[in-house]
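*Asks:* Numbering (this note's numbering), first residue to last: 356 to 686.
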Amino acid sequence: LRFKGIEITSEEEVAVKAGILLHDVGHGPFSHALENQLLQGVSHETISLMIMKVMNEHFGGKLQMAIDIFTNNYPKKFLHQLISGQLDVDRMDYLTRDSFFTGVSEGVIGYDRILKMLTVHNGELMVEEKGIYSIEKFLVARRQMYWQVYLHKTVLSAEKMLVNILKRVRQLRNEGFTNLTTGGATDFFLYNFTGSMNSDTLEKFCQLDDIDFSFAVKRWSHHEDVVLRELCKGLLNRKLLKIKLQADPFEADFIEQKTQAAMASLHIDKAAASYFVFTGEADNTMYTTNDEKINILFKDGSVKDITAIDDPLIHQTISAPIKKFYICFLE
């Protein structure tokens with residue numbers, strides 16, 4: 356952007372880099388899989404901001420500009436768009452990185468080309484006209500990575516089992532079970548978290564990591580409750596729930612058949628079987644018009660949203676969500 360004459364001071368450069376590095380620091384164990392599960396009603400963005408404010412005090416206010424950019428309270432909006440938007444640097448990073456580590460080549464994008472095509476117009480981040488097809492390739496790559504990696508059926512099954520483990524622990528706790536504690540950092544959030552964040556809660560949250568939750572799952576895999584025990588054993592031993600995805604909702608008879616099979620296999624009632632047999636929807640939207648838009652700056656100075664350009668590769672379908680229905684069941 357500087358090469359194109361966009362003024363970015365050295366202080367702004369440091370601030371936006373800090374914002375990029377810290378904007379997801381509020382993620383808890385297993386990241387998005389347990390979002391709003393351990394800390395119900397509290398988003399990772401809220402926690403990220405709290406952590407940044409604590410760090411800002413520690414560093415004597417040196418992170419204030421980064422916080423202003425992160426919260427979109429800084430005059431140069433395009434700096435915020437680099438941190439949080441549909442074309443932010445985080446998305447470009449994780450698509451390329453995850454593509455490499457998973458071996459899914461569809462996620463490879465020409466981010467160097469995209470970065471060169473970025474510009475600023477009226478204070479907002481935009482893409483030069485000649486970068487249209489690079490952006491469309493980026494959006495297509497993102498959609499393919501979601502279906503092949505982030506929303507892959509094995510990932511979905513494992514994530515839903517994680518969520519159901521927490522759900523079962525909370526139900527057993529409410530029923531009076533006292534042998535669910537692990538002695539680890541997860542205990543506070545399962546027993547004492549009231550829903551409000553303060554400095555003490557934040558400190559306890561920052562002590563959490565994947566290992567804490569994995570340890571808890573190991574402990575619960577020997578619990579007397581058959582539902583909790585089998586869910587934990589299945590996750591630990593990678594005996595995941597079977598999962599099917601299709602374009603239409605599943606028939607009630609098919610769901611009932613799988614429910615009865617789970618009841619017979621584990622000798623449990625229908626309510627308990629709902630932890631092993633359940634349905635849901637997986638959505639994948641390539642481009643969200645309600646979010647920060649990707650605007651194209653044409654040579655004549657006009658600006659259009661990428662879905663409104665005259666001859667797009669994907670045209671209006673670029674923002675149409677694709678929905679699949681899934682069922683998880685015991686087998």
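Using N, Cα and C, we set each Cβ at its ideal position, and we do this for glycine too.
Since we're looking at a predicted model, the values are computed, not measured.
1. Using a Cβ-Cβ cut-off of 6 Å (strictly less than) and excluding sequence neighbours within five positions of A513, which residues of its own chain qualify?
2. Which first and last residues belong to the beta strand (DSSP E) in which I677 is found?
3. When you compare the region 368-383 with the region 497-508, are there three or more beta-carbon pairs, one atom per stretch, that lie closer than 8 Å?
4. Helix, strand or coil: which one does DSSP assign to I651?
5. Name the two residues that bound the continuous alpha helix (DSSP H) containing T401.
6. Ignore the nearest five residues each way along the sequence and tell me which others in Q419's own chain have a CB closer than 8 Å to its CB.
7. According to DSSP, is A637 part of a helix, a strand, or is it coil?
8. What span of residues does the beta strand (DSSP E) with H476 cover, start to end?
9. Give the list of continuous beta strand (DSSP E) stretches no shorter than 3 residues that lie fully inside the region 535-614.
10. Would you call the CB atoms of L304 and R528 closer than 7 Å?
11. According to the Cβ coordinates, are F684 and K597 closer than 7 Å?
12. Taking DSSP as the reference, what is the three-state secondary structure of K359?
13. Would you mind working out which of V482, V444 and F456 sits nearest L652, comparing C-alpha positions?
14. Taking DSSP as the reference, what is the three-state secondary structure of K417?
15. Which residues mark the beginning and the end of the alpha helix (DSSP H) in which K625 is found?
16. Could you compute how far the alpha carbon of M552 sits from the alpha carbon of F414?
17. When you compare the CB positions of C587 and W575, do they come within less than 7 Å of one another, or not?
18. DSSP on D443, reduced to helix/strand/coil?
19. Going by the beta-carbon positions, is the gap between F433 and E400 smaller than 7 Å?
20. Can you pull the DSSP bridge partners for K659?
21. Measure from the alpha carbon of E530 to the alpha carbon of each residue in T537, Y546, K515 and R468, then state which is nearest.
22. Which runs of the alpha helix (DSSP H) spanning at least 4 residues fall entirely within the region 476-538, listed in chain order?
23. Taking just the CA atoms, how far does D564 sit from I682?
24. Do you know how far the Cα of A627 is from the Cα of V444?
25. Please classify F384: is it buried, with 16 or more other beta-carbons within 10 angstroms of its beta-carbon, or exposed?
26. Give me the Cα-Cα distance between V510 and K659, rounded to the nearest whole angstrom.
27. Which residues in the same chain as A540 place their Cβ atom closer than 6 Å to its Cβ, once the five residues preceding and following it in sequence are excluded?
28. Identify whether V371 lies in helix, strand or coil by the three-state DSSP scheme.
29. If you count every other CB in all the chains shown that lies within 10 Å of the CB of L393, and 16 or more means buried, which is it?
30. Quick check on the DSSP output: the alpha helix (DSSP H) that includes I438 runs from which residue to which?
31. Is the beta carbon of L557 less than 7 Å from the beta carbon of M405?
*Replies:* If we stick to the structure as given:
1. Beyond the five residues adjoining it in sequence on each side, A513 comes within less than 6 Å, by CB distance, of L595 in the same chain, given in chain order.
2. I677 to F684
3. no
4. strand
5. H399 to H413
6. N411
7. strand
8. L473 to H476
9. 597-601
10. Because the chain here runs from 356 to 686, residue 304 falls outside it and cannot be looked at.
11. yes
12. helix
13. V482
14. coil
15. K625 to A628
16. Taking the straight line joining both Cα atoms gives about 22 Å.
17. For C587 and W575, yes; Cβs fall inside 7 Å.
18. coil
19. no
20. I651
21. Y546
22. Fully enclosed alpha helix (DSSP H) runs of 4 or longer: 487-500 and 508-529.
23. 29 Å
24. 44 Å
25. The sequence given here places Pro at residue 384; Phe does not occur at that position. Buried, since its Cβ has 16 or more Cβ neighbours within 10 Å.
26. Their backbone Cα atoms lie some 37 Å apart in a straight line.
27. Q562, L563 and D567
28. Of the three classes helix, strand and coil, the one that applies to V371 here is helix, per DSSP.
29. buried
30. K432 to I438
31. yes
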